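**Student:** Residue numbers (this note's numbering), protein chains in the order written: chain A, 306 to 853; chain B, 585 to 802; chain C, 2 to 104. Beta carbons: idealized from backbone N, C-alpha and C, even for Gly. Quick caveat: nothing in here was measured; it's all calculated off a predicted structure.
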Amino acid sequence: MTTSARSSYLDAEPREDNYLAAGYGIKSWLLTVDHKRIALLYLISLTAFFTVGGLFAVLVRLELLTPQGDLFQSEIYNRLFTMHGTFMVFFFLLPSVPAVFGNFLLPLMLGARDVAFPKLNLLSWYLYVAGGLLSFVAMLAGGVDTGWTFYAPYSSTYANSQVIVSALGIFVAGFSSILTGVNFIATIHKMRAPGLTWFRLPLFVWAHYATSLIMVLGTPVVAVTIVLVAIERLFHVGVFDPALGGDPVLFQHLFWFYSHPAVYIMILPAMGIMSELIAAFSRKRVFGYPVVAISSLAIAVLGFLVWGHHMFVSGQSVFAGFVFSLLSMLVAVPSAIKVFNWTATLYRGSLSFRTPMLYALGFIGLFTIGGLTGVFLASLAVDVHVHDTYFVVAHFHYVMVGGVVMAYMGGLHFWWPKFFGRMYPENVARTAAVLIFAGFNLTFFPQFLLGYLGMPRRYHAYPEEFQVLNVLSTAGASVLGLGFLLPLCYLAWSLKYGRKVGPNPWHAAGLEWTTTSPPPKHNFDAIPTVEHGAYAYAELDAEEVAHA
Amino acid sequence: MPELAATHHGPLAHHFETLEQQKDTCTLGMWAFLVQEVMFFGGLFACYIVYRFLYPAAFLEGAHHLSPAWGTFNTVVLIGSSLTMALSVRAAQLGRRRGTAGFILATMALACVFLGVKWIEYGHKFEDGLIPGVAWHPEPGAAHGLRIYFGLYFTMTGMHALHMVVGLVLMVFVALRALRGRYSPDNYIGVEVLGLYWHFVDLVWIFLFPLLYLLGRH
Amino acid sequence: MKSHVLPLRVYLQVFAALMTLTAVTTGIAFVDLGAWNTVVALTIALVKVVVVVLWFMHVKYSPRLIWVAALASLYWLLILFGFLMSDYVTRVPVEGWAPPIAW
Numbered sequence: 306m307t308t309s310a311r312s313s314y315l316d317a318e319p320r321e322d323n324y325l326a327a328g329y330g331i332k333s334w335l336l337t338v339d340h341k342r343i344a345l346l347y348l349i350s351l352t353a354f355f356t357v358g359g360l361f362a363v364l365v366r367l368e369l370l371t372p373q374g375d376l377f378q379s380e381i382y383n384r385l386f387t388m389h390g391t392f393m394v395f396f397f398l399l400p401s402v403p404a405v406f407g408n409f410l411l412p413l414m415l416g417a418r419d420v421a422f423p424k425l426n427l428l429s430w431y432l433y434v435a436g437g438l439l440s441f442v443a444m445l446a447g448g449v450d451t452g453w454t455f456y457a458p459y460s461s462t463y464a465n466s467q468v469i470v471s472a473l474g475i476f477v478a479g480f481s482s483i484l485t486g487v488n489f490i491a492t493i494h495k496m497r498a499p500g501l502t503w504f505r506l507p508l509f510v511w512a513h514y515a516t517s518l519i520m521v522l523g524t525p526v527v528a529v530t531i532v533l534v535a536i537e538r539l540f541h542v543g544v545f546d547p548a549l550g551g552d553p554v555l556f557q558h559l560f561w562f563y564s565h566p567a568v569y570i571m572i573l574p575a576m577g578i579m580s581e582l583i584a585a586f587s588r589k590r591v592f593g594y595p596v597v598a599i600s601s602l603a604i605a606v607l608g609f610l611v612w613g614h615h616m617f618v619s620g621q622s623v624f625a626g627f628v629f630s631l632l633s634m635l636v637a638v639p640s641a642i643k644v645f646n647w648t649a650t651l652y653r654g655s656l657s658f659r660t661p662m663l664y665a666l667g668f669i670g671l672f673t674i675g676g677l678t679g680v681f682l683a684s685l686a687v688d689v690h691v692h693d694t695y696f697v698v699a700h701f702h703y704v705m706v707g708g709v710v711m712a713y714m715g716g717l718h719f720w721w722p723k724f725f726g727r728m729y730p731e732n733v734a735r736t737a738a739v740l741i742f743a744g745f746n747l748t749f750f751p752q753f754l755l756g757y758l759g760m761p762r763r764y765h766a767y768p769e770e771f772q773v774l775n776v777l778s779t780a781g782a783s784v785l786g787l788g789f790l791l792p793l794c795y796l797a798w799s800l801k802y803g804r805k806v807g808p809n810p811w812h813a814a815g816l817e818w819t820t821t822s823p824p825p826k827h828n829f830d831a832i833p834t835v836e837h838g839a840y841a842y843a844e845l846d847a848e849e850v851a852h853a
Numbered sequence: 585m586p587e588l589a590a591t592h593h594g595p596l597a598h599h600f601e602t603l604e605q606q607k608d609t610c611t612l613g614m615w616a617f618l619v620q621e622v623m624f625f626g627g628l629f630a631c632y633i634v635y636r637f638l639y640p641a642a643f644l645e646g647a648h649h650l651s652p653a654w655g656t657f658n659t660v661v662l663i664g665s666s667l668t669m670a671l672s673v674r675a676a677q678l679g680r681r682r683g684t685a686g687f688i689l690a691t692m693a694l695a696c697v698f699l700g701v702k703w704i705e706y707g708h709k710f711e712d713g714l715i716p717g718v719a720w721h722p723e724p725g726a727a728h729g730l731r732i733y734f735g736l737y738f739t740m741t742g743m744h745a746l747h748m749v750v751g752l753v754l755m756v757f758v759a760l761r762a763l764r765g766r767y768s769p770d771n772y773i774g775v776e777v778l779g780l781y782w783h784f785v786d787l788v789w790i791f792l793f794p795l796l797y798l799l800g801r802h
Numbered sequence: 002m003k004s005h006v007l008p009l010r011v012y013l014q015v016f017a018a019l020m021t022l023t024a025v026t027t028g029i030a031f032v033d034l035g036a037w038n039t040v041v042a043l044t045i046a047l048v049k050v051v052v053v054v055l056w057f058m059h060v061k062y063s064p065r066l067i068w069v070a071a072l073a074s075l076y077w078l079l080i081l082f083g084f085l086m087s088d089y090v091t092r093v094p095v096e097g098w099a100p101p102i103a104w
């Protein structure tokens, strides 16, 4: 990929007009419309909410060390796992990759100066923080005990916890998500640099485009569902209450219409990161680029046709269950295609096992396990046995933590030098990655076994025979927690003491690597004209030989 | 296409290259937003369809409690406001400052008439005791599911009214900007985008009206 | 940058068409057509929506991408309604059970 103005690899001095130096003081950050600063604002708030969610997980795993419900009463335990799920899903997983990496990188990858609607972008962050604070306030006022899925009629009629406040927090955060989706759709369609056709785009961009479609099409449905739950609580209309003629399964339909595509909002951007990491650390273009690009769109579309697989035992008709089961098999295909293509990219690549690559490789293994167990769950008959057990819990943690969080960490390490002009310490980082991988598996693999053996989810007590597996799981959680603490420390450390880097420390392909590290406030001195496709590693290596 | 230099005070925002790119991007952005609005109301229409299927008698009875006269009147008013809004956009396209603002004011007036009528209608429902959770005392022998019908009626028309109020607030801003000469034939996208939003509000009502007021009338 | 300015006449014609359709839909509601009342009412509503979208919202003169956005929203709405109702219309009543009528 050639550009009309390119910084030399040897130029290690950061520019004075880089986006971090452009204005100091809290106002220049809180009133910024620079997509790069907004990305960092998200990074900070996401880390805070991840910590809150993580603390609740610690409490849950502590309770589950012993078979008796002896640490917390069941009503309190219900609040613990609900807050864990709510903060992790709505205030970490959903925004994480798009808000940090999408915001920072999309304009750079597109050769643009900012996203389509910079002020809307800032509003998105404020809405996200407001939503998070509302949920935090709800937590301080006693929290919610409905489970993150807040099923009716418990949530809409019988719960005595802070349902409305918490749901309002999610509503507001959902609005943030919708506006981000609108912003990205407009940006990707309308702000590509000259010569940057759709099939020259990095797969990261395709992934975020598909994600944005889901954000726009799905989120409003959960928003209106939340409104209905609030109305039901306040006015007892009966829309979800069987005692008044309503159908609680209708709630589940409306909830999962969004919440299933929501998991694709979480995984698609992570898959986008994966394509970038695998290509960079194999120094090869991604195998089957057009197929991988289209598979993102396929996941977005097919993902809307499968929501009933969460409802096989809810009272939904068997016919509907059959249809949803069949379609769920179909949605696994594009995801599998991606895994095959990444693996094919690794084959005969020039591999280097730096930290981002370790996370990427971890993703391939863990996401495969998570994805396959998803197919087990999509089989109607199997699901009847394992629904609402720890099998489901293990499945979604494999895809969400083993998938999304691993990709997030890989991306964080890959683009950290771009964000801050500083490299993280490689050996500590690799250690942390291995710890996270090991801790994760120790935490969640036993849970597949527990679920299959019959341990229900959301229970604070269990039969004696399940204790060994639970203890292993909690031990794993401690390792996992330690693993996450390490990056928190060394990444912060690197901001001051990390080795300074030039524009392209990884010698990676991509327009973002042609700017200085950190990038200038306006991204590009001159908007580049693009003449090659993405992942032009062969050309890049040839140029480097010529330079040397 | 002549490139227009990005100036701090000009109509072209710093991150766009041309006014046309800015216009196309804003139009696309508003349409993406409208897509999510369709899905938001879609969720409510989905509830309507389900409960109409489950309780057809209640929905027929519920419709009889509504006034087709007021409903038709409001439909005429709202479509009229769509006309005035479209004419406001046209005035902006032609560079007519006061026409733009004037038509927006007409739109606002019609919107207020609509909301006034809804206020009257809601008042009648209060007297009849047909507001679930607020004043609910229907006649004995009311169809099963009538409470759900009226819950949906108030939720759907209430959400619609809320969107109208938001529209009214936006109209104030746009009208003021129009009077200050912020729009021109080359840069009227603010008015166009407001128009798209307002027409969407009209579209929702075009479906709400027959579904709530007319089905089962005969 | 010149944009397509529609003549005033077009807007007034569209308005007249919408008024006519409104009158028809209200009038026909009082005529007993059985199940066809619903079909007619929804068809008229759909025509009104198409008219507003094409002319008032300028979609007729907009780039194809806008058409795609408008049609996509319709398609997704149909997915929601279609799959949702596929559950309700295929539910089989359980023998000997009746809903608790407390309302």
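Terminal residues of the continuous alpha helix (DSSP H) containing Phe738 (chain B)?
**Tutor:** 730-763
**Student:** If we cut at 8 Å on Cβ distances, does Thr91 (chain C) have a partner in chain A?
**Tutor:** Thr91 (chain C) belongs to the set of residues whose beta carbon lies under 8 Å from a beta carbon in chain A.
**Student:** So what does DSSP say about Leu650 (chain B), is it helix, strand or coil?
**Tutor:** Here DSSP, grouped into helix, strand and coil, assigns Leu650 (chain B) to coil.
**Student:** According to the neighbour-count rule (16 or more other Cβ atoms, all chains shown, within 10 Å of its Cβ), is Pro595 (chain A) buried or exposed?
**Tutor:** Pro595 (chain A) should be labelled exposed.
**Student:** Along chain B, in chain order, which residues have C-beta atoms closer than 8 Å to that of Arg653 (chain A)?
**Tutor:** Chain B residues near Arg653 (chain A): none, gap ~41 Å exceeds 8 Å.
**Student:** Identify the continuous alpha helix (DSSP H) that holds Arg188 (chain C) and give its terminal residues.
**Tutor:** Since the first residue shown for chain C is 2 and the last is 104, residue 188 (chain C) is missing from the structure and cannot be characterised.
**Student:** In chain B, which residues lie less than 7 Å from Trp77 (chain C) when you measure between Cβ atoms?
**Tutor:** The answer, in chain order, is Met623.
**Student:** May I ask which residues mark the beginning and end of the alpha helix (DSSP H) holding Ala326 (chain A)?
**Tutor:** Where Ala326 (chain A) is concerned, there is no enclosing alpha helix (DSSP H), given that its DSSP letter is neither H nor E.
**Student:** Verify whether the separation of the beta carbon atoms of Ala889 (chain A) and Met634 (chain A) is less than 8 Å.
**Tutor:** Residue 889 (chain A) is absent from the structure shown; chain A starts at 306 and stops at 853.
**Student:** So Phe629 (chain A) is in the alpha helix (DSSP H); what residue range does that whole segment cover?
**Tutor:** Residues 623-651.
**Student:** Is it buried or exposed for Ala712 (chain A), if we count other Cβ within 10 angstroms and need 16 for buried?
**Tutor:** buried
**Student:** Based on the DSSP output, what are the partners of Met728 (chain A) in its beta bridges?
**Tutor:** Note: Met728 (chain A) sits in a beta bridge opposite A:Arg804.
**Student:** Less than 8 Å separating the beta-carbons of Ala435 (chain A) and Ser471 (chain A)?
**Tutor:** no
**Student:** My understanding is that Ile578 (chain A) touches Thr516 (chain A), with C-beta atoms under 8 Å, so please give their C-beta distance in whole angstroms.
**Tutor:** Rounded, the Cβ-Cβ distance is 12 Å, inconsistent with contact.
**Student:** Pick from A:Met576, A:Ala686, A:His692: whose alpha carbon is nearest that of Ala641 (chain A)?
**Tutor:** Put simply, of A:Met576, A:Ala686, A:His692 the residue whose alpha carbon is nearest the alpha carbon of Ala641 (chain A) is A:Met576.
**Student:** At the level of alpha carbons, what is the spacing between Thr462 (chain A) and Leu555 (chain A)?
**Tutor:** 15 Å
**Student:** When Cβ atoms are compared, which residues of the region 800-815 of chain A fall closer than 8 Å to chain B?
**Tutor:** From the region 800-815 of chain A, no residue has a Cβ closer than 8 Å to chain B.
**Student:** For Lys349 (chain A), collect the residues of the same chain with a Cβ closer than 7 Å to its Cβ; drop the 5 residues on either side in sequence, then sort them by chain order.
**Tutor:** Contrary to the premise, residue 349 (chain A) reads as Ile rather than Lys in this sequence. The answer is none, since no qualifying residue turns up.
**Student:** Hey, out of A:Phe658, A:Pro639, A:Leu656, whose CA is closest to Val677 (chain A)'s CA?
**Tutor:** For the sequence presented, residue 677 (chain A) should be read as Leu rather than Val. Among A:Phe658, A:Pro639, A:Leu656, the Cα nearest to that of Leu677 (chain A) is on A:Pro639.
**Student:** Taking any Cβ of chain C, which residues in the region 475-507 of chain A have a Cβ under 8 Å from it, in chain order?
**Tutor:** His494
**Student:** Excluding the 5 residues flanking Gln772 (chain A) on each side, which residues of the same chain have their C-beta closer than 6 Å to its C-beta?
**Tutor:** Pro372
**Student:** For Thr492 (chain A), which of helix, strand or coil comes out of DSSP?
**Tutor:** helix
**Student:** Quick one: is Lys723 (chain A) buried, meaning 16 or more other Cβ sit within 10 Å of its Cβ, or exposed?
**Tutor:** buried
**Student:** If I'm right that Thr741 (chain B) touches Lys702 (chain B) with Cβ under 8 Å, what's the distance once you round it to whole angstroms?
**Tutor:** 6 Å
**Student:** Within 10 Å of its beta-carbon, does Ser657 (chain A) have 16 or more other beta-carbons around it, so buried, or fewer, so exposed?
**Tutor:** exposed
**Student:** For Ala797 (chain A), name the three-state secondary structure that DSSP assigns.
**Tutor:** Helix, per DSSP.
**Student:** Pick helix, strand or coil for Thr44 (chain C), following the three-state DSSP scheme.
**Tutor:** Of the three classes helix, strand and coil, the one that applies to Thr44 (chain C) here is helix, per DSSP.
**Student:** In whole angstroms, what is the alpha-carbon distance linking Ser312 (chain A) and Thr819 (chain A)?
**Tutor:** Below a pLDDT of 50, predicted positions are generally treated as unreliable, and Ser312 (chain A), at 41, falls in that range; no measurement from the model is reported.
**Student:** By Cβ distance, which residues of its chain are closer than 8 Å to Leu315 (chain A), with the 5 residues on each side in sequence left out?
**Tutor:** At Leu315 (chain A) the pLDDT is 43, less than 50, meaning the model places this residue with poor confidence; the figure from the coordinates comes in the next sentence. Within the same chain, Leu315 (chain A) has close Cβ partners Gly807.
**Student:** Would you mind sorting Thr337 (chain A) into buried or exposed? The rule is 16 or more other CB atoms within 10 Å of its CB.
**Tutor:** Around the beta carbon of Thr337 (chain A), 16 or more other beta carbons sit within 10 angstroms, so the residue counts as buried.
**Student:** Can you list, in chain order, the residues of its chain with a C-beta nearer than 7 Å to that of Gln467 (chain A)? Leave out the 5 residues immediately preceding and following it.
**Tutor:** Ala443, Ala446, Gly447, Gly448, Val449
**Student:** Assuming Arg418 (chain A) contacts His598 (chain B) under a Cβ cut-off of 8 Å, what Cβ separation, rounded to an integer in Å, is found between them?
**Tutor:** 7 Å
**Student:** Looking at chain B, which residues of the region 355-368 of chain A have a Cβ within less than 8 Å of any of its Cβ atoms?
**Tutor:** none
**Student:** What number of angstroms, rounded off, separates the C-alpha of Thr757 (chain A) from the C-alpha of Trp511 (chain A)?
**Tutor:** Going by the sequence as given, residue 757 (chain A) is Tyr instead of Thr. Distance between the alpha carbons of Tyr757 (chain A) and Trp511 (chain A): 37 Å.
**Student:** Whose C-alpha, out of A:Ile519, A:Leu399, A:Leu346, A:Lys801, is nearest the C-alpha of Tyr431 (chain A)?
**Tutor:** A:Leu346
**Student:** Label Asn732 (chain A) either buried or exposed according to how many other C-beta atoms from any shown protein chain fall within 10 Å of its C-beta, with 16 as the threshold for buried.
**Tutor:** exposed
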